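Novice:
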Ligand code: NAD
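Residue numbers (the working numbering): 30 to 580.
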């Protein structure tokens, strides 16, 4: 497929485009016939290689890189040269590549974005572009964008305000849409809304890539976002907008404002919720306790925590529980202490979960007094699940469920090794960033990574294929069920609450089906329903093979 307007009069790409456009380039894999027919003879080294040879060459060089950041730079370089080869490498080696193209390495890449910058990717729209945002979106050279990941860079992973450097996140997430769910790269568009940054180091850094001024706030910010959303709907009416890594002061508001107006979602709130709920469903298969008997204590009451809590409540209600009773099973400790009715400082998103309970000042005391079955860390504060606290969870529960979800690895509330060691291997543990398996007293424990990449690519694929007009909480709930159903008994025997990443395309196809089913059932799909939804999802997936230019 030729996706760009080509400079050659015939509309066929020029030689230089064939060799330098990453969507067209095959490098040493151009066949002899193609080299002769397309005028490439002599412009490439003579020996023709297969894509499998090229993957081997890439891996050899990738593994020689001295640091994870160097590996990231190497892979992004490949993505800018040869897209099919890039995705083939990622897809064949997901376990090895995912921590580089996404968390944790992408976090470090964002912090250093201005210093490692080589070639632009995605669309940058600044506060200064107000009044002409639509024109800027028209500059994007693709005609059929279906999924946009957009950030304003204010809450990048657990690393706070990174301004325009946050572009690493939309780029990385869209890479995962293609790798994990086969969304064709031509349909993806990463966008950074550069509304400034409040981080002094960036403002003072001459190599910072964004506009060096403080963040736009208040009504001017809201008007800017409104202009952006309206412009997207005009230029790309079929595009899903995924809001990504906005600070929670804006994230909840924007989600509430746009979720029914345009096909949009917030992955930090809803995607995280779905992946965590799936982990919880898997843990129940081990503990044998019903969802309704869980008491869940969150450490951190931001986008991730509140999103997960709300989706668990929906799942409890779907199982027949009264909503008030379900809310009563969900508790939060934030940076001040227990979220409870006596507090006067609570942000709007926390208030529904403020219980009629005396204030408790510390997490340790909250664990002792509330006796939760499940502890979920989404505070962005490292090493806060201390030994006594984790031991207390193990005293209260035969199989304590402990999720340390803060990213990147350096922010995790505890490590996998600590959690297994402090619970004599009884914990059902999941983390936000990957941890290696742990051997304790001869038993191998495999920590599951509650990686949003299990969920959002499949949700996006499902919504694209049925042309959903909205993305609902019910879709995320069904996606969680679909993900948990892919976890086998042998995964659970090692303590792993998620399926192996190797199966991600299969997992994404099932999630896509679950999402599309909700869309069809609720009248939210524009496309007619195919007879075989699973086959339709599989057929829609992009596979990174080279096309022949001579057919
Ligand atoms: P957020 O800024 O919206 O919320 C952070 C919350 O933590 C706030 O409620 C804040 O009050 C609380 N907090 C901060 N310091 C604290 C302290 N010392 N003690 C107790 N609470 C404290 O951020 P978020 O989007 O909710 O993300 C939180 C963390 O979760 C980040 O590290 C992020 O990387 C991680 N996360 C993981 C996943 C995943 O694993 N799949 C997904 C999303 C977010």
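Note that the Cβ used here is the ideal one computed from N, Cα and C, for glycine as well.
Keep in mind the model is a prediction, meaning the values are calculated, not measured.
So what does residue 48 bridge to, in DSSP terms?
Specialist: According to DSSP, which records beta bridges pairwise, residue 48 is partnered with nothing at all.
Novice: Output the distance between the C-alpha atoms of residue 82 and residue 60, rounded to the nearest integer angstrom.
Specialist: 14 Å
Novice: Is residue 333 near the ligand NAD, going by C-beta to nearest heavy atom under 6 Å?
Specialist: Yes - the ligand NAD has a heavy atom lying nearer than 6 Å to the Cβ of residue 333.
Novice: Nearest-angstrom Cα distance between residue 136 and residue 186?
Specialist: 7 Å
Novice: What is the DSSP secondary structure of residue 144, counted as helix, strand or coil?
Specialist: Assigned with DSSP and collapsed to three states, residue 144 falls in helix.
Novice: I want to know whether the segment 500 to 516 touches the segment 481 to 489 - three or more CB-CB distances under 8 Å.
Specialist: yes
Novice: Assign residue 169 to one of three DSSP states: helix, strand, or coil.
Specialist: coil
Novice: Can you give the beta carbon distance from residue 402 to residue 318, rounded, assuming they're within the 8 Å contact cut?
Specialist: 7 Å
Novice: Are the CB atoms of residue 537 and residue 292 within a distance shorter than 7 Å?
Specialist: no
Novice: Is the separation between the beta-carbon of residue 102 and that of residue 145 shorter than 7 Å?
Specialist: Against a cut-off of 7 Å, the Cβ pair of residue 145 and residue 102 comes out as a contact.
Novice: Do residue 526 and residue 471 have their C-beta atoms within less than 7 Å of each other?
Specialist: no
Novice: To the nearest angstrom, report how far apart residue 260 and residue 391 are at their CA atoms.
Specialist: 46 Å
Novice: My assumption, with CB atoms under 8 Å, is that residue 545 sits in contact with residue 495. Please give the rounded CB distance.
Specialist: 4 Å
Novice: Taking residue 455 as the reference, which of 424, 436, 479 and 465 has the closest Cα?
Specialist: 424
Novice: Assign residue 133 to one of two classes, buried (16 or more other C-beta atoms within 10 Å of its C-beta) or exposed (fewer than that).
Specialist: buried
Novice: Whole angstroms are fine: how far does the CA of residue 247 sit from the CA of residue 46?
Specialist: 45 Å
Novice: Among 57, 212 and 70, which has the Cα closest to the Cα of residue 567?
Specialist: 212
Novice: Indicate, with yes or no, if the ligand NAD has a heavy atom lying under 6 Å from the CB of residue 440.
Specialist: yes
Novice: Taking residue 295 as part of the beta strand (DSSP E), name the residues at either end of that continuous run.
Specialist: 293 to 295
Novice: When the Cα atoms are used, what is the spatial distance from residue 48 to residue 578?
Specialist: Looking at the two C-alpha atoms, the distance is approximately 13 Å.
Novice: Extract the residue ranges of the alpha helix (DSSP H) inside the segment 478 to 545, only unbroken runs of 4 or more that lie entirely within it.
Specialist: 485 to 495, 502 to 514 and 518 to 522
Novice: Measuring alpha carbon to alpha carbon, tell me which of 381, 333 and 271 ends up nearest residue 352.
Specialist: 381
Novice: Starting from residue 343 and walking both ways along the alpha helix (DSSP H), at which residues does that stretch end?
Specialist: 332 to 347
Novice: How many whole angstroms separate the CB atoms of residue 298 and residue 280, which I take to be in contact at a CB cut-off of 8 Å?
Specialist: 6 Å
Novice: For a test of the three-state rule: what should DSSP assign to residue 180, helix, strand or coil?
Specialist: strand
Novice: Is it buried or exposed for residue 523, if we count other Cβ within 10 angstroms and need 16 for buried?
Specialist: exposed
Novice: Which residue marks the beginning of the alpha helix (DSSP H) containing residue 316, and which one marks its end?
Specialist: 301 to 316
Novice: Using 7 Å as the threshold, is the C-beta distance between residue 362 and residue 479 below it?
Specialist: Not closer than 7 Å, so no.
Novice: Quick one: residues in its chain with C-beta nearer than 6 Å to the C-beta of residue 393, no 5 flanking neighbours on either side, listed in chain order?
Specialist: Excluding sequence neighbours, residue 393 sits near 418.
Novice: Could you please give me the residues that DSSP links to residue 468 through a beta bridge?
Specialist: 473
Novice: So, with DSSP's three-state summary, where would you put residue 557?
Specialist: When DSSP states are grouped into helix, strand and coil, residue 557 belongs to the coil group.
Novice: Verify the contact flag: residue 524, CB atom, against every heavy atom of the ligand NAD, threshold strictly below 6 Å.
Specialist: no
Novice: Is the distance from the Cβ of residue 356 to the Cβ of residue 321 below 7 Å?
Specialist: no
Novice: Just the Cα atoms here: how many angstroms apart are residue 516 and residue 573?
Specialist: Distance between the alpha carbons of residue 516 and residue 573 is about 27 Å.
Novice: Taking a contact to mean a Cβ-Cβ separation below 7 Å, would you say residue 438 touches residue 408 in this structure?
Specialist: no
Novice: Could you pull out every residue in the same chain whose Cβ sits closer than 6 Å to the Cβ of residue 440, ignoring the five residues on either side in sequence?
Specialist: 187, 409 and 411
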